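Here's the structure we're looking at; comments come further down.
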Amino acid sequence: AYALGASVYDLRGISDSLDENDHLFGLIQFKVGTGGEAAEYLGEWDFPLNKLLHKALDLYMSRR
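This note's numbering puts the sequence shown at residues -12 to 51.
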C-alpha cells in the first residue's frame, strides 16, 4: 500500500480501555508498537444499497 502512495492505513478498532488487564490490551500494544496511534472517530454505520438483501443478511446473522 505504501508503494502505491498510501500514507495512512487503518488497522481498525481497539479497546476503549488502556487497562493492562483488558483481554484486548495486547492488540493495542501490537498496533502502537508497529508505529500506529490511537484516534477516535465518530463511528461506523451501514448504508444499505439493497434494503431487502440487507434485511436478509441481518436475519441470517442474528440466527447464526
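Each residue gets a CB set at the ideal place from its N, CA and C atoms; glycine is no exception.
Remember, predicted model here, so these are calculated numbers, not experimental data.
For residue j and residue i, the rounded distance between their alpha carbons
i	j	result
Gly23	Ile1	11 Å
Gly20	Leu44	36 Å
Three-state secondary structure (DSSP) of residue i
i	result
Ser4	coil
Phe34	coil
His41	helix
Ala(-10)	helix
Leu14	helix
Check: residue i C-beta below 8 Å from any heavy atom of the ligand GDP
i	result
Leu36	Absence of the ligand GDP is noted for the structure shown, with no ligands found whatsoever.
Sequence-distant residues of its chain with Cβ nearer than 7 Å to residue i (five each side left out)
i	result
Gln16	none
Lys18	Leu(-2), Ile1
Below-9 Å beta-carbon distance, residue i vs any chain C residue
i	result
Ala43	Looking at the structure shown, chain C is missing, and only one protein chain is on hand.
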